[in-house]
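Asks: The sequence shown begins at 144 in my numbering and counts up by one.
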Amino acid sequence: MSGIRPTGFLHLGNYFGALRNYVRMQESYNCYFMVADLHALTTLKDTKELKGHVRRVLAENIASGLDPEKVAFYCQSHVPETAELYLLLNMLAYVGELEKTPTFKDKVRLQPMNVNAGLLTYPVLQAADILLHRATLVPVGKDQEQHLEMARNYANRFNQRYGEVFPEPYAFNFGEDLVKVPSLDGAGKMSKSENQLATLYLADDDDAIRKKISKAKTESGGAPGAPVPDSVANLFQLMRLVGGETAAYEAQFNEGTIRYGDMKKELAERMIAFITPIREKAEAIRNDEAYLRKVMDMGAEKARASAKVTLELAKEAIGLNYY
Ligand code: TRP
144 MSGIRPTGFL HLGNYFGALR NYVRMQESYN CYFMVADLHA LTTLKDTKEL KGHVRRVLAE
204 NIASGLDPEK VAFYCQSHVP ETAELYLLLN MLAYVGELEK TPTFKDKVRL QPMNVNAGLL
264 TYPVLQAADI LLHRATLVPV GKDQEQHLEM ARNYANRFNQ RYGEVFPEPY AFNFGEDLVK
324 VPSLDGAGKM SKSENQLATL YLADDDDAIR KKISKAKTES GGAPGAPVPD SVANLFQLMR
384 LVGGETAAYE AQFNEGTIRY GDMKKELAER MIAFITPIRE KAEAIRNDEA YLRKVMDMGA
444 EKARASAKVT LELAKEAIGL NYY
């Protein structure tokens, strides 16, 4: 089980960090992937853009290989059982603990005028998402470790207090390789919030891709035999991610004969070949009202069937059964 925040445009970091993991998981597990629209409300005051964001996230995930026939791909708000389990878990979540959560403290700093209770209990809602399907494997990035630990705590507290219902969920990563998708500005990972010109989106058109890559940072290597600077290593890494060979460029780098313009041209063309089919497919899906509706309905139906069973078990264990 995993949740995807509907923040709009997915980028290459999302693709290699998360999406590709989901697509691999769907072949061997019973998967629930959810668009976290209720979580989005903790930070979003203006909800006009929500619909567009949700549809884009659905479309871009499907275009990248997520198969709504194989998995349950649904919107959080379409599964009201989530809210019910969230309420039950709130009785097991201590305010002191929630206040200490680093992601909460970050949000308090970022939006001091909107420190709502939903923000405080964000990890409880996330635990409800996961425990709703009694899921054990949760493909998420490192930044979600703390939330996963909290979900395990709530599961254990529930089991101790009321009786065994929930298994412990753990962060999951396919294979050991946590791929890093470097930013084009030579610093850090590709990420939505930072430099947009240094981030490649699955919705970028060919020109945007060429432009961004041509402006990517490169440094000269200094003395022969000196280590490859990060900015250049990053471009090699991107080249490999989209199926290119870097051995020849690395050799040229060591000899001091590398021509960055040529390498960037190849990288851009490979990137275009990689992104264009996804972008075109996502666009077609996004404009297909009937299909999107079918996907959401199908996903909600599967998720609710699983949720119903869990809630019955949970209520039974608590003693909310009077006849
Ligand atoms: N909090 C997650 C994020 O910021 C999104 C999320 C919501 C999630 N519910 C979840 C992730 C359940 C895993 C499982 O990316």
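Think of the CB as a built atom: it goes at the ideal place given N, C-alpha and C, for glycine as much as any other residue.
Along the beta strand (DSSP E) that carries L280, what are the first and last residues, could you check?
Replies: Run containing L280: L280 to P282, per the beta strand (DSSP E) assignment.
Asks: By a C-beta neighbour count over all protein chains shown, 10 Å radius and 16 as the cutoff for buried, is M414 buried or exposed?
Replies: Classification of M414: buried, given that the 10 Å Cβ count is 16 or more.
Asks: So within the stretch 175–254, which uninterrupted alpha helix (DSSP H) runs reach at least 4 residues, ignoring any that extend past its ends?
Replies: Listed in chain order, they are 180–183, 193–206, 224–233, 238–243 and 245–253.
Asks: With a cut-off of 8 Å on the beta carbons, I'd call A390 and I352 a contact; round off their distance for me.
Replies: Not a contact, Cβ separation roughly 24 Å.
Asks: Go ahead and pull the three-state DSSP assignment for S145.
Replies: S145: strand per DSSP, three-state reduction.
Asks: By the 10 Å Cβ neighbour count, where 16 or more other Cβ atoms means buried, how is G146 classified, buried or exposed?
Replies: So G146 counts as buried.
Asks: Could you check whether the Cβ of Q269 sits closer than 7 Å to any heavy atom belonging to ligand 1?
Replies: Correct: Q269 has its Cβ closer than 7 Å to ligand 1.
Asks: Measuring CA to CA, which of V438, I418, K424 and Y297 is closest to I273?
Replies: The shortest C-alpha separation from I273 is found at Y297.
Asks: Look up P266 in the DSSP assignment and say whether it is helix, strand or coil.
Replies: P266 falls in the helix class under three-state DSSP.
Asks: Cα separation between A330 and E311?
Replies: Taking the straight line from one Cα to the other gives about 36 Å.
Asks: Could you check if Q287 belongs to the surroundings of ligand 1, using beta carbon to heavy atom distance under 7 Å?
Replies: Yes, the beta carbon of Q287 sits closer than 7 Å to at least one heavy atom of ligand 1.
Asks: What's the C-alpha gap between L345 and C218?
Replies: So the two alpha carbons sit approximately 21 Å from each other.
Asks: May I ask you to report which of helix, strand or coil DSSP gives P310?
Replies: P310: coil per DSSP, three-state reduction.
Asks: Tell me where the alpha helix (DSSP H) around G442 begins and ends.
Replies: Start and end: E432 to I461.
Asks: Go ahead and pull the three-state DSSP assignment for Y344.
Replies: Three-state result, Y344: strand.
Asks: Threshold first: 4 residues or longer. Then list the alpha helix (DSSP H) segments lying entirely within the stretch 385–414, N to C.
Replies: With a minimum length of 4 residues, the continuous alpha helix (DSSP H) runs that stay inside the stretch 385–414 are 390–398.
Asks: Check the C-beta distance from T264 over to N233 and give it rounded, since I have them as a contact under 8 Å.
Replies: Confirmed, about 6 Å.
Asks: Indicate, with yes or no, if ligand 1 has a heavy atom lying under 7 Å from the CB of A425.
Replies: No.
Asks: Here's the rule I'm using: 16 or more other beta-carbon atoms within 10 Å means buried, otherwise exposed. How should Q339 be labelled?
Replies: Exposed: under 16 other Cβ atoms inside 10 Å.
Asks: Indicate the three-state DSSP secondary structure (helix, strand or coil) for Y152 in the structure shown.
Replies: The sequence shown places Phe at residue 152, rather than the Tyr named in the question. Coil, per DSSP.
Asks: Just how far apart, CA to CA, sit Q380 and D286?
Replies: Approximately 22 Å between the Cα atoms of the pair.
Asks: Go ahead and label R199 buried or exposed: buried means 16 or more other beta carbons lie within 10 angstroms of its beta carbon, across all protein chains shown.
Replies: It counts as buried.
Asks: Report, in whole angstroms, the separation of the C-beta atoms of V281 and Y313, which I expect to be a contact under 8 Å.
Replies: V281 to Y313, Cβ: 7 Å. Contact.
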